[in-house]
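Here is the structure we will look at, set down as structure tokens.
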Amino acid sequence: MTALLALFWRDLRRAWGSGALWLPVLFFLLVATAFPFAVGPDAPLLARTGGGMIWVAALLAALLPIDRLIRPDRDTGVLDQFAVRGMPDEVIAAVKIAAHAIGFGVPLLMALLPAAALLAQDMARVQTLAAGLAIAIPALASLAILSAALTANLKGGSAIGGLLILPLAVPMLIFGAGMLDPSGRGAMKLLAATSLLLTVIGPFAAGAALRGLRE
Amino acid sequence: MSAHPRAGGVTTLLRLDRVACIRGDRLLFENLSLTLRRGDALWLRGPNGTGKSSLIRVVAGLLRAAAGTVERHERCALIDENAALDTELPLRRALDFWARIDTVDGHSVDRAIAEMALAPLAEVPVGMLSAGQRKRAAMVRVIASGAPIWLLDEPANGMDDAAQARLVAAIAKHRANGGAVLLASHFPLGLDDLHELDLGALA
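One line per chain: the protein sequences are B and F, in this order. So for the first sequence, this note's numbering puts the first residue at 3; every next one is plus one. So for the second sequence, this note's numbering puts the first residue at 60; every next one is plus one.
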């Protein structure tokens with residue numbers, strides 16, 4: 003247990019300490035800033051479409067850190083050292099997913115407020131967006147670790163990693179943005195179900211991918 | 060091979076039985092059997108590409124043996140070409156991470172740092188260390204882990220004479236305490252009572 007906590011804190015420290023984490027958050031804000039320039043400063047239009055845009059931006063921001071999630075640990079032999087100690091790959095993957103969910107999810111939720119302000123979202127919609135993103139973040143972290151593990155051996159892996167994530171994340175995009183529709187009461191449950199499924203599959207699939215990296 | 064007097068129940072730490080290893084579509088070795096007891100040191104020798112590192116990785120559990128069985132009766136500590144230390148951290152904190160993973164206390168790390176004479180560099184970021192210093196740091200990780208089986212893949216690469224002498228002393232101490240060492244290296248490091256396995260002759 004101490005070992006797992008040490009691993010969790012190390013990943014969190016590396017995420018927040020290096021400054022690399024602010025890149026996806028900045029990217030998220032950048033998209034929110036660019037969108038009004040593209041469609042014009044029409045507040046009702048922004049209010050109607052901005053929520054969906056925030057979801058797209060969050061999804062794209064989740065793709066950015068893939069390159070630094072697994073590959074550095076593989077290159078420096080850290081993953082080998084875990085394996086020598088007999089730590090199960092699934093557990094390593096689960097801890098990395100948890101650390102990434104916190105490390106990426108918390109700043110993303112904080113960035114939601116300025117982004118929502120830029121896109122003229124009212125308080126009720128901000129709450130819906132925050133709830134939706136909070137539900138989706140474990141699944142996004144799960145997918146990010148999975149595709150990072152799958153592509154850690156490949157050159158230019160992050161681009162392929164993004165292609166791997168996007169199709170799997172589309173259901174969350176649909177249900178998450180669907181929550182903003184006043185008639186979409188069931189969307190939140192469907193989003194939670196999708197997120198739960200991906201979060202549960204993630205450690206096992208990513209664990210298998212980590213094992214594959216050693217072969 | 061000799062059994063160590065201090066060994067309580069199990070004296071065999073590691074046993075390989077008719078192990079074969081295939082990398083890509085090349086058979087590196089087959090029918091390789093060896094036993095490491097407490098206090099033993101085995102030197103894997105042979106030209107490049109004969110499978111010294113692969114054998115170490117098979118023993119460490121990082122590679123699957125294509126045939127045969129590998130029995131580890133105790134924990135292993137591995138040193139290979141990667142130091143596995145976070146380059147942005149001061150040396151001491153990078154080593155402390157592995158101490159927490161291995162659930163050993165700070166005193167073991169202190170003693171291991173002293174053994175490798177790295178105390179003056181404890182606050183230097185790992186990224187600033189030279190290759191030889193990084194090897195010494197990785198050796199501290201191995202010593203502090205308290206694992207009875209040491210798997211050392213070219214541990215002396217980049218080390219100067221003084222550091223090599225410390226490495227030899229650390230290995231001797233480890234064997235005296237009932238540990239075993241599997242060493243892959245071009246040269247025997249000047250270790251006493253060293254068994255040899257020439258992988259070049261097996262190929």
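Glycine included, C-beta positions come from ideal geometry on N, C-alpha and C. Everything numeric in this text was worked out from a predicted model, so none of it was measured.
Measuring CB to CB, does residue 6 (chain B) end up less than 8 Å from residue 93 (chain B)?
-> yes
Can you tell me where the alpha helix (DSSP H) with residue 208 (chain F) in it begins and where it stops?
-> DSSP places residue 208 (chain F) in no alpha helix (DSSP H) but in the uninterrupted beta strand (DSSP E) bounded by 208-212.
Reference residue 183 (chain F), options F:145, F:120, F:71, F:230, closest by Cα | F:145
Count the CB pairs spanning the stretch 50-68 of chain B and the stretch 97-112 of chain F that are closer than 8 Å, and state whether there are at least three.
-> no
May I ask which residues mark the beginning and end of the alpha helix (DSSP H) holding residue 13 (chain B)?
-> 4-19
Between the C-alpha atoms of residue 209 (chain B) and residue 119 (chain B), what's the straight-line distance to the nearest angstrom?
-> 39 Å
Report the residues of the stretch 198-217 of chain B with a CB closer than 8 Å to any CB of chain F, ordered along the chain.
-> 216, 217
Within the present structure, is the beta-carbon of residue 79 (chain B) separated from the nearest heavy atom of the ligand ATP by less than 7 Å?
-> Of the ligands one can find in the structure shown there are none, so the ligand ATP has no counterpart to examine.
Are the stretch 76-88 of chain B and the stretch 198-205 of chain B in contact at 8 Å, needing three or more beta carbon pairs?
-> Short answer: they don't touch.
Can you give me the Cβ contacts of residue 60 (chain B) inside the same chain, cut-off strictly under 7 Å, excluding the 5 residues immediately before and after it?
-> 30, 110, 135
Tell whether a beta-carbon distance below 8 Å holds between residue 161 (chain B) and residue 145 (chain B).
-> Pairing residue 161 (chain B) with residue 145 (chain B) gives a Cβ-Cβ distance that is not under 8 Å.
Starting from residue 182 (chain B), trace the beta strand (DSSP E) both ways and give me its first and last residue.
-> Neither: residue 182 (chain B) is in no beta strand (DSSP E) and is coded neither H nor E.
Segment contact, 8 Å Cβ cut-off, at least three pairs: the stretch 231-244 of chain F with the stretch 78-85 of chain F | no
Pairwise C-alpha distance: residue 203 (chain F) and residue 170 (chain F) | Rounded to the nearest angstrom, the two C-alpha atoms are 8 Å apart.
Since residue 100 (chain F) sits in a beta bridge, which residues does DSSP pair it with?
-> F:240
Mind checking which residues open and close the beta strand (DSSP E) that includes residue 158 (chain B)?
-> No beta strand (DSSP E) holds residue 158 (chain B); DSSP gives it neither H nor E.
Using a Cβ-Cβ cut-off of 7 Å (strictly less than) and excluding sequence neighbours within five positions of residue 72 (chain F), which residues of its own chain qualify?
-> 95, 96, 97, 132, 133, 207, 208, 239
For a contact meaning CB atoms closer than 7 Å, what does residue 8 (chain B) contact in chain F?
-> What residue 8 (chain B) touches in chain F: 156, 159, 160.
From what residue to what residue does the alpha helix (DSSP H) around residue 153 (chain B) run?
-> 125-153
Measuring CB to CB, does residue 118 (chain F) end up less than 8 Å from residue 148 (chain F)?
-> The answer is no: Cβ separation not under 8 Å.
Distance, Cα to Cα, residue 128 (chain F) vs residue 120 (chain F)?
-> Annotation: residue 128 (chain F) to residue 120 (chain F) spans about 11 Å, alpha carbon to alpha carbon.
Close beta carbons around residue 9 (chain B), own chain, < 6 Å, minus the five adjacent residues each side = So the qualifying residues of the chain are 97.
Could you list which residues in chain B have their beta carbon closer than 8 Å to that of residue 120 (chain F), in chain order?
-> 85, 86, 88
Should residue 39 (chain B) go down as buried or exposed, given a rule of 16 or more other Cβ atoms within 10 Å for buried?
-> exposed
Any idea what DSSP makes of residue 184 (chain F), helix, strand or coil?
-> strand
In terms of residue numbering, what span does the beta strand (DSSP E) encompassing residue 81 (chain F) cover?
-> Residues 71-82.
Hey, is residue 96 (chain B)'s beta-carbon within less than 8 Å of any beta-carbon in chain F?
-> no
Sorted by chain position, which residues of the same chain lie with C-beta nearer than 7 Å to residue 253 (chain F)'s C-beta, five sequence neighbours on each side aside?
-> 100, 102, 247
List the endpoints of the continuous beta strand (DSSP E) containing residue 214 (chain B).
-> From DSSP, residue 214 (chain B) is part of no beta strand (DSSP E) but of the alpha helix (DSSP H) over 189-216.
Helix, strand or coil for residue 90 (chain B) per DSSP?
-> The three-state reading of DSSP puts residue 90 (chain B) in coil, since its state is none of H, G, I, E or B.
Quick one: which residues of the stretch 63-74 of chain B get their C-beta closer than 7 Å to a C-beta of chain F? List them in chain order.
-> none
Inter-residue Cα distance where the pair is residue 318 (chain F) and residue 237 (chain F) | Nothing can be reported for residue 318 (chain F): it is not among the residues displayed for chain F, which extend from 60 to 262.
Alpha helix (DSSP H) segment containing residue 254 (chain F), residue limits = First-last for residue 254 (chain F): 254-257, but that is the beta strand (DSSP E), not the alpha helix (DSSP H).
Among B:47, B:17, B:44, which one has its Cα closest to the Cα of residue 67 (chain B)?
-> B:17
Below 8 Å on the Cβ atoms is my guess for residue 211 (chain F) versus residue 241 (chain F); work out the distance and round it to an integer in Å.
-> 7 Å
Can you check whether the CB of residue 225 (chain F) is closer than 8 Å to the CB of residue 176 (chain F)?
-> yes
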